[in-house]
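Please read the structure below before turning to the comments.
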Amino acid sequence: MNLYTVDSGHFKLDGGAMHGVVPKSLWQKFNPADDQNLCSWAMRCLLIETGDRLILVDTGIGNKQDERFFGHYHLHGDTSIDSELKKHGFHRSEITDVFLTHLHFDHVGGAINRMDDKLVPAFENAVYWSNQAHWDWAVHPNDREKASFLKENILPIQESGQLKMITCAEGEEWLPGIKVRYVNGHTEAMMLPLLSYKGQNILYCADLLPSLAHLPLPWIMSYDMRPLDTLAEKTTTLKEAAEKDWLLYFEHDAHHEMCRLQQTEKGIRHQDTLLLSDL
Ligand SMILES: [Zn+2]
Numbered sequence: 005m006n007l008y009t010v011d012s013g014h015f016k017l018d019g020g021a022m023h024g025v026v027p028k029s030l031w032q033k034f035n036p037a038d039d040q041n042l043c044s045w046a047m048r049c050l051l052i053e054t055g056d057r058l059i060l061v062d063t064g065i066g067n068k069q070d071e072r073f074f075g076h077y078h079l080h081g082d083t084s085i086d087s088e089l090k091k092h093g094f095h096r097s098e099i100t101d102v103f104l105t106h107l108h109f110d111h112v113g114g115a116i117n118r119m120d121d122k123l124v125p126a127f128e129n130a131v132y133w134s135n136q137a138h139w140d141w142a143v144h145p146n147d148r149e150k151a152s153f154l155k156e157n158i159l160p161i162q163e164s165g166q167l168k169m170i171t172c173a174e175g176e177e178w179l180p181g182i183k184v185r186y187v188n189g190h191t192e193a194m195m196l197p198l199l200s201y202k203g204q205n206i207l208y209c210a211d212l213l214p215s216l217a218h219l220p221l222p223w224i225m226s227y228d229m230r231p232l233d234t235l236a237e238k239t240t241t242l243k244e245a246a247e248k249d250w251l252l253y254f255e256h257d258a259h260h261e262m263c264r265l266q267q268t269e270k271g272i273r274h275q276d277t278l279l280l281s282d283l
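Mapping of the sequence shown onto our numbering: position 171 corresponds to residue 175, and the numbering continues sequentially without gaps.
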């Protein structure tokens with residue numbers, strides 16, 4: 005297996021919403037805010053190359069919404085999925101599978117493109133993977149989460165015939181070397197791939213732990229549907245990760261790609277940070 009970072013670009017979100025009950029005096033040291041209280045966040049996808057498959061985990065925000073929508077999110081950075089794939093020697097037509105951790109717009113926006121007035125899969129030869137519980141939740145959204153589930157990102161995947169559902173049980177292998185963890189605090193049945201790579205385990209954290217600053221247990225996003233479930237899921241995940249020396253891969257941290265963990269007097273914290281390319 006080979007793994008490659010695919011940095012699909014950066015966007016901005018409200019610092020308060022991203023850090024939940026934590027006061028700004030604490031979080032601004034880690035994720036500094038601009039004069040509108042917005043912090044910069046990565047949308048860091050992951051490319052997995054196995055024997056016969058090229059799998060993209062998440063797709064960033066994409067480019068098909070209007071100026072008014074993107075006006076809220078201040079896209080920045082000079083990378084894109086295409087430039088990153090090119091850097092690693094690939095093209096989007098070679099992607100065989102798109103693994104969608106969940107269907108919030110900053111994870112699935114790049115899955116569908118607008119071509120003239122049609123919405124079409126951005127990865128023409130790929131199977132798109134979700135799971136039934138999350139899919140049903142996303143296509144019948146509650147009013148609090150509705151703004152994150154945009155129909156134009158989601159329904160065309162099914163209409164294209166390229167959608168499939170992951171059915172493996174919690175912690176079981178989906179493909180050789182790729183296990184799936186399910187968590188329900190951020191949204192219903194978000195999927196976290198746990199990868200076996202060069203003798204180590206790497207957990208793709210998606211929105212369970214969006215950034216390095218979110219390691220302390222009470223640092224939970226206000227966006228989460230069930231924050232106490234996130235608290236329990238963070239507790240068990242970090243304990244297992246620290247005990248088994250897993251590496252954590254952050255989708256949204258603007259500055260840190262991965263970290264190792266250590267147990268400290270204050271709880272589980274990072275030991276050091278690293279890049280996938282360091283392994
Ligand atoms: Zn999310």
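The C-beta atom is built at its ideal place from N, Cα and C for all residues, glycine as well. None of these values were measured; they are calculated from a predicted model.
beta-carbon Asp211 near ligand 1 non-hydrogen atom, thresh 7 Å: The answer is yes for Asp211.
Among the candidates Leu235, Leu216, Leu278 and Met229, whose CA atom is the shortest distance from the CA of Asp147? When each option's Cα is compared against that of Asp147, the closest is Met229.
Quick check on this structure: which residue in Ala115, Phe103, Phe15 and Val124 has the alpha carbon closest to the alpha carbon of Gly75? In this structure, Phe15 is the residue among Ala115, Phe103, Phe15 and Val124 with its C-alpha nearest to the C-alpha of Gly75.
According to DSSP, is Ala37 helix, strand or coil? In this structure, Ala37 counts as strand in the three-state DSSP scheme.
Rounded straight-line distance, which links the Cα of Phe254 to that of His23: Those two C-alpha atoms are separated by around 15 Å.
Beta carbon of Leu207, beta carbon of Asp257: below 8 Å? Their beta carbons are not under 8 Å apart, which means Leu207 does not touch Asp257 by this criterion.
For ligand 1, any of its heavy atoms closer than 7 Å to the Cβ of His106? Flag set: Cβ of His106 near ligand 1.
Following the continuous beta strand (DSSP E) through Thr9, name the residue where it begins and the one where it ends. Start and end: Asn6 to Asp18.
Alpha-carbon to alpha-carbon, Ile116 and Asn157: Asn157 and Ile116: Cα-Cα distance of roughly 6 Å.
Mark Glu163 as exposed unless 16 or more other C-beta atoms lie within 10 angstroms of its C-beta, in which case mark it buried. Glu163 should be labelled exposed.
Segments assigned beta strand (DSSP E), at least 3 residues, entirely inside the stretch 56-83: Correct list: 58-61.
Let me make sure I understand the geometry here. Which of Gln166, Glu98 and Thr234 has the alpha-carbon closest to that of Val124? Of the candidates Gln166, Glu98 and Thr234, Gln166 places its Cα closest to the Cα of Val124.
Would Lys122 be called buried (16 or more neighbouring beta carbons within 10 Å of its own) or exposed? With fewer than 16 neighbouring CB atoms inside 10 Å of its own CB, Lys122 falls in the exposed class.
Do you know offhand how far Met5's Cα is from Glu177's? Using only the alpha carbons, I get a separation of about 15 Å.
How many whole angstroms separate the CB atoms of Asp211 and Met195, which I take to be in contact at a CB cut-off of 8 Å? At roughly 11 Å, the Cβ-Cβ gap does not stay under 8 Å, so Asp211 and Met195 are not in contact.
Can you check which of these residues, His274, Gln267 and Asp249, is closest to Glu261 by C-alpha distance? Answer by Cα proximity: His274.
Buried or exposed (CB count within 10 angstroms, at least 16 for buried), Ser12: In this structure Ser12 is buried. Its beta-carbon is surrounded by 16 or more other beta-carbon atoms within 10 angstroms.
When you compare each of Lys150, Asn135, Phe127 and His111 to Thr100 by their alpha carbons, which one comes out closest? Measuring from the Cα of Thr100, the nearest candidate turns out to be Phe127.
Would you check whether ligand 1 has a heavy atom nearer than 7 Å to the C-beta of Thr9? No, Cβ of Thr9 sits at least 7 Å from all heavy atoms of ligand 1.
Within the continuous alpha helix (DSSP H) that includes Leu283, where are the two ends? For Leu283, there is no enclosing alpha helix (DSSP H), as DSSP gives it neither H nor E.
Ligand 1 heavy atoms versus the CB of His111: any closer than 7 Å? Correct: His111 has its Cβ closer than 7 Å to ligand 1.
Should His190 be counted as a contact of ligand 1 given a C-beta to heavy atom distance under 7 Å? With a threshold of 7 Å, the Cβ atom of His190 counts as near ligand 1, since some heavy atom of the ligand is closer than that.
Starting from Glu237 and walking both ways along the alpha helix (DSSP H), at which residues does that stretch end? Taken as a continuous stretch (DSSP letters only), the alpha helix (DSSP H) holding Glu237 covers Pro231 to Glu247.
In terms of alpha-carbon separation, which member of Pro145, Gln266, Arg57 and Asn205 lies closest to Ser97? For the residues Pro145, Gln266, Arg57 and Asn205, the minimum Cα distance to Ser97 belongs to Arg57.
Meets three-Cβ-pair contact criterion under 8 Å: the stretch 138-152 and the stretch 104-112: Because the criterion of three Cβ pairs below 8 Å is met, the stretch 138-152 and the stretch 104-112 touch.
In whole angstroms, what is the alpha-carbon distance linking Val25 and Gln40? The C-alpha of Val25 lies about 19 Å from the C-alpha of Gln40.
Member of Pro214, Glu237, Phe103 and Val10 whose CA lies at the smallest distance from the CA of Lys168: That would be Phe103, whose Cα lies nearest to the Cα of Lys168.
Top-ranked residue by Cα proximity to Arg118, from Ile85, Asp140, Asn67 and Asp82: Checked all of Ile85, Asp140, Asn67 and Asp82; the closest Cα to Arg118 is Asn67.
Should the stretch 25-36 be called in touch with the stretch 233-240, which here means at least 3 C-beta pairs below 8 Å? In this structure the stretch 25-36 does not touch the stretch 233-240; the number of beta carbon pairs closer than 8 Å is below three.
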